[in-house]
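Trainee:
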Amino acid sequence: MSPYLRLILVFIFMAMLVAQALTRFLDGLPGGATSNGVQGINAFLDFALVSRIGVVPSAAVLALLTVVFTVLAYRRQPSVQQLTARPVVRQRNTEAAAPAAAQGPPPERIAKAVGRTALKVPDRPLTDADRQFLLRLRQDLSAQLVHEQKLMDAKGTEPLVVRLVPQVPLRDVGRPRSWLGGAPAMAEHIPWPRIDGRNANFLGQICCADLPGNLWDGLGPRDGWLAFFIHPTGYAVRVLHLDEMGPWRQGSADLSIEDWSTNLPYGKSRLKQIDAWPRWPVDLMPLRPGDSDPKQEGHSEASHDIYKQGFDVASPEHRPFDRATTHEMLEIAQARLVEHLAEDLITPLRQQLEQVSKSLLIAEAALEQPGYLAELRERATTLAALIEARTKGRPMLEAPLHGCAW
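Quick note on my numbering: the sequence shown kicks off at -10 and runs consecutively.
1. If I measure Cβ to Cβ from Ala74 and keep anything under 7 Å in the same chain, skipping five residues before and after, which residues do I get?
2. Report yes or no: do the segment 167 to 183 and the segment 215 to 231 share at least 3 C-beta pairs separated by less than 8 Å?
3. Can you pull the DSSP bridge partners for Gly193?
4. Are the segment 309 to 322 and the segment 186 to 198 touching by the rule of at least three beta carbon pairs closer than 8 Å?
5. His220 to Ala242, Cα distance in whole Å?
6. Suppose the cutoff is 7 Å on Cβ atoms and the five residues either side in sequence are ignored; what does the same chain contact list for Asp272 look like?
7. To the nearest angstrom, how far is the alpha carbon of Pro158 from that of Pro270?
8. For Arg339, is the classification buried or exposed, using 16 other Cβ atoms within 10 angstroms of its Cβ as the cut-off for buried?
9. Rounded to whole angstroms, what is the Cα-Cα separation between Ala363 and Thr315?
10. By how many angstroms is the C-alpha of Glu177 removed from the C-alpha of Asp206?
11. Just verifying my parser: in three-state terms, what is the DSSP assignment at Ile42?
12. Tell me whether Ile184 sits in a helix, a strand or coil according to DSSP, three-state version.
13. With DSSP as the reference, label Trp237 as helix, strand or coil.
14. In the DSSP assignment, find the unbroken alpha helix (DSSP H) run with Met175 in it and report its ends.
15. Under a Cβ-count criterion, where at least 16 other Cβ atoms within 10 Å of its own Cβ denotes burial, should Gly26 be classed as buried or exposed?
16. Suppose contacts are defined by Cβ-Cβ distances below 8 Å. Is Leu(-4) in contact with Ala62 by that definition?
17. With DSSP collapsed to three states, give me the class of Arg308.
18. Would you tell me roughly how many angstroms separate the C-alpha atoms of Pro384 and Ala373, rounded to the nearest one?
19. Enumerate in chain order the residues of its own chain whose CB-to-CB distance from Trp149 is below 8 Å, with the five nearest sequence positions on each side excluded.
20. In the DSSP assignment, find the beta strand (DSSP E) that holds Leu231 and state where it starts and stops.
21. Since Trp205 sits in a beta bridge, which residues does DSSP pair it with?
22. Measuring CB to CB, does Arg166 end up less than 8 Å from Cys196?
23. On the DSSP letters alone, give me the boundaries of the alpha helix (DSSP H) that Leu276 sits inside.
24. Examine the Cβ distances between the segment -3 to 8 and the segment 347 to 359 and report whether three or more of them are shorter than 8 Å.
25. Along the chain, where does the beta strand (DSSP E) containing Val154 start, and where does it finish?
26. Below 7 Å CB to CB, which residues in the same chain sit around Leu365 once its five sequence neighbours on both sides are set aside?
27. Would you report the Cα separation of Pro42 and Leu51, rounded to the nearest angstrom?
28. With the cut-off set at 8 Å, would you say Thr55 and Tyr361 are in Cβ contact?
29. Can you tell me whether Arg366 is helix, strand or coil according to DSSP?
30. With distances taken from CA atoms, which of Thr222, Glu343, Leu134 is nearest Ile184?
31. May I ask you to report which of helix, strand or coil DSSP gives Gln358?
32. How about Arg160 and Pro283: are their beta carbons less than 8 Å apart?
33. Tell me whether the beta-carbon of Val45 lies closer than 8 Å to the beta-carbon of Glu357.
34. Who are the near neighbours of Ala32 in its chain, counting only those whose CB is closer than 6 Å to its CB and skipping five residues on each side?
35. Rounded to whole angstroms, what's the CA-CA distance from Pro359 to Thr336? Just pull it up for me.
36. Have a look at Glu233, Arg268, Met234, Phe218 and flag the residue whose alpha-carbon is nearest the alpha-carbon of Leu244.
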C-alpha cells in the first residue's frame, strides 16, 4: 500500500469517528440503523467515551487522536532519500547482471547437455511438386478471400427474403402450417436429432409449400416441412426435411431451455415453470427491396414507449380473456400472498426496535444529551407502531385464503 494512501485512510477513519460521535450520521444511511458494524461503533463510542465524559469532550478527544495518529503515520513513511536510492541499486544490479546474461552457453553445448543434436534443415532447391503445391495454396486462399468478400457485399441486398411474422391475433392454433417453439410434428420412426451427443432442442417448423418460388434462386425444397433444432447449450443447429406432418412429438426428459431462457420474465412464485418454448404460429412474409420490413430498426420503439408508460390493470384490454387465464391469475395471486405471509416481517422490526432502545437508554443516561436523542425517540415510536400495525393486519390477509376455491 502506498504510504500516502495509508496516511489518508487513517485520517478519514478518525474523522469519521469524530463525526459519528457528534452527529451519528452513519445511523441515517440506508440500513445504518440495523447494521452490526454501525451498532458496534456506537456501542464502543458510548461505552468508552460518551457515557463517561459526554458528547463534546468525546469528539475533542477523538479529534486529538486524529492529529496524533496522522502524525505517527506520516513519520513512518520512508524518507525521500530511501525512495530515490532504491531504483539506483536496482539499476546497478541490473547492469551488473547484464553481461552475465548476455554470455549464454552456445547452442552446441545445450544440445549436448540434453542428449540430442541441433536440427539441421537440408538446404535443397524447390522441386516442381513444391512449386505446384505453393501455387495451388495461393490460388485457394485467394479464392476463399474473394468468396467471403462477395458474401459480405451481398449481405442485405438479397432480391427476396422471407420474414417469420408471429400471428397476432392467433388464427391457426390447432394445426398451424408454420410455427416457432412447442414441439415438432414428425413421424414416429424419425429419430430425435442429436448434436454433439446430446438431444437437441426444437426451434420451429416451416412449411416449404408457402415459400416463394424464387427464394434462394429457386433452390431448396418446395414441399414438406423444414424442422429446426439447436444444441441445448450451444449454437450448433441441425435441420431436417420432413415429407409429411406427423403427430406432435415430445422430446426426452433431459431436454431443457434453462440455458436459453435466463432472460424470460419468470415470476418468483410461478406455480409451475414451463421448461419449453410455447408454440406460436407464424406467417411467411416475402420481402423485396423497397417493401416495408417489420424487422426494420425503429419499428420496435412503439412497444418500448408503451412499456415505459405502464398500463391500467382496470382497463378492459388487460383483463383475462377466458376462464383458464382467470384461474391462472387468481392462483398466482394466491401463491404470492402465501409467500408474502410466510415471510417473517415482524421479527426484523423487533430487532431494530431493540437496538434503537439500547441506544436510546445510553443517550438518555449520558451527562450531556446528544443532539440525535429526539431522532432516536421518534424512530422507537415509529417501529412500535409498525409492529402493532403488522400484527393486527396479518389476520385480515389470512382470512381470504381459507375459503378460496377457484
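The beta carbon of each residue, even a glycine, is placed where N, CA and C say it ideally should be.
As the structure is a computational prediction, the values presented were derived from the model and not from experiment.
Mentor: From the atom records:
1. Translated into positions along the sequence shown, residue 74 becomes position 85. With a pLDDT of only 48 at Ala74, under the threshold of 50, the placement of this residue in the model should not be trusted, and no figure is reported.
2. They touch, by the three-pair rule.
3. Your numbering for residue 193 matches position 204 in the sequence shown. As a beta-bridge residue in DSSP terms, Gly193 pairs with Leu169, Phe217.
4. The segment 309 to 322 vs the segment 186 to 198: no contact.
5. Counting from 1 along the sequence shown, the entry for residue 220 is found at position 231. Counting from 1 along the sequence shown, the entry for residue 242 is found at position 253. C-alpha of His220 to C-alpha of Ala242: approximately 15 Å in a straight line.
6. Translated into positions along the sequence shown, residue 272 becomes position 283. Excluding its 5 nearest sequence neighbours in each direction, Asp272 has C-beta neighbours in its own chain below 7 Å: Val154, Gln156, listed in chain order.
7. Translated into the one-based positions of the sequence shown, residue 158 becomes position 169. Translated into the one-based positions of the sequence shown, residue 270 becomes position 281. One C-alpha to the other measures close to 10 Å.
8. By one-based count along the sequence shown, residue 339 stands at place 350. Label assigned to Arg339: exposed.
9. Taking the first residue of the sequence shown as 1, we reach residue 363 at position 374. Taking the first residue of the sequence shown as 1, we reach residue 315 at position 326. Taking the straight line from one Cα to the other gives about 51 Å.
10. Locating residue 206 in the sequence shown gives position 217, where the first residue counts as 1. Locating residue 177 in the sequence shown gives position 188, where the first residue counts as 1. Roughly 33 Å between the two C-alpha positions.
11. Residue mapping note: residue 42 aligns to position 53 of the sequence shown, counting from 1. DSSP places Ile42 in helix when its eight states are reduced to three.
12. As a first step, residue 184 must be located in the sequence shown, where it is residue number 195. In the structure shown, Ile184 falls within a strand segment according to DSSP collapsed to helix, strand and coil.
13. Here residue 237 corresponds to residue number 248 of the sequence shown, with the count starting at 1. Residue state for Trp237 is assigned as strand, using DSSP reduced to three classes.
14. Working through the sequence shown from its first residue, we reach residue 175 at position 186. If you look at Met175, you'll find it isn't in any alpha helix (DSSP H); DSSP assigns it neither H nor E.
15. Counted from its first residue, the sequence shown places residue 26 at position 37. Exposed.
16. Here residue -4 is taken as the residue at index 7 of the sequence shown, counted from 1. Here residue 62 is taken as the residue at index 73 of the sequence shown, counted from 1. Yes, these two residues count as a Cβ contact at 8 Å.
17. Indexing the sequence shown from 1 puts residue 308 at position 319. In this structure, Arg308 counts as coil in the three-state DSSP scheme.
18. Taking the first residue of the sequence shown as position 1, residue 384 is located at position 395. Taking the first residue of the sequence shown as position 1, residue 373 is located at position 384. Their Cα atoms are separated by approximately 19 Å.
19. Counting from one through the sequence shown, the residue named residue 149 turns up at place 160. Per the sequence presented here, residue 149 reads as Leu, with Trp not at that position. Excluding positions up to five away in sequence, the list reads Pro201, Asn203, Leu204, Pro275, Leu276, Arg277.
20. Taking the first residue of the sequence shown as position 1, residue 231 is located at position 242. From DSSP, the beta strand (DSSP E) with Leu231 extends over 226 to 231.
21. Here residue 205 is taken as the residue at index 216 of the sequence shown, counted from 1. DSSP output for Trp205 lists no bridge partner at all.
22. Residue 166 sits at position 177 when you count from the first residue of the sequence shown. Residue 196 sits at position 207 when you count from the first residue of the sequence shown. Contact flag set, yes.
23. Looking up residue 276 in the sequence shown gives position 287. Here Leu276 belongs to no alpha helix (DSSP H); instead the beta strand (DSSP E) covers 269 to 276.
24. Touching, no.
25. Numbered from its first residue, the sequence shown carries residue 154 at position 165. Here the beta strand (DSSP E) through Val154 covers 150 to 155.
26. The residue given as residue 365 occupies position 376 in the sequence shown. These residues qualify, in order along the chain: Val345, Ser348, Leu349, Ala352.
27. In the sequence shown, counting from the first residue as 1, residue 42 sits at position 53. In the sequence shown, counting from the first residue as 1, residue 51 sits at position 62. One point to set straight first is that residue 42 is Ile, not Pro, in the sequence displayed. So the alpha carbons of these two residues sit roughly 12 Å apart.
28. By one-based count along the sequence shown, residue 55 stands at place 66. By one-based count along the sequence shown, residue 361 stands at place 372. Taking 8 Å as the Cβ cut-off, Thr55 and Tyr361 do not qualify as a contacting pair.
29. For this step, residue 366 is matched to residue 377 along the sequence shown. Arg366: helix per DSSP, three-state reduction.
30. Along the sequence shown, one-based indexing puts residue 184 at 195. Of Thr222, Glu343, Leu134, the residue nearest in Cα terms is Thr222.
31. Translated into the one-based positions of the sequence shown, residue 358 becomes position 369. Reduced to three states, the DSSP call for Gln358 is coil.
32. As a working mapping, residue 160 is identified with position 171 in the sequence shown. As a working mapping, residue 283 is identified with position 294 in the sequence shown. Taking 8 Å as the cut-off, the beta carbon of Arg160 is found no closer than this to the beta carbon of Pro283.
33. Position 56 of the sequence shown, counting from 1, holds the residue named residue 45. Position 368 of the sequence shown, counting from 1, holds the residue named residue 357. In this structure, the beta-carbon distance from Val45 to Glu357 falls below 8 Å.
34. Here residue 32 corresponds to residue number 43 of the sequence shown, with the count starting at 1. Within the same chain, no Cβ atom closer than 6 Å to the Cβ of Ala32 is found once the five residues on either side in sequence are excluded.
35. Position 370 of the sequence shown holds residue 359. Position 347 of the sequence shown holds residue 336. Their Cα atoms are separated by approximately 29 Å.
36. Residue mapping note: residue 244 aligns to position 255 of the sequence shown, counting from 1. Each of Glu233, Arg268, Met234, Phe218 was checked against the Cα of Leu244, and the nearest Cα belongs to Phe218.
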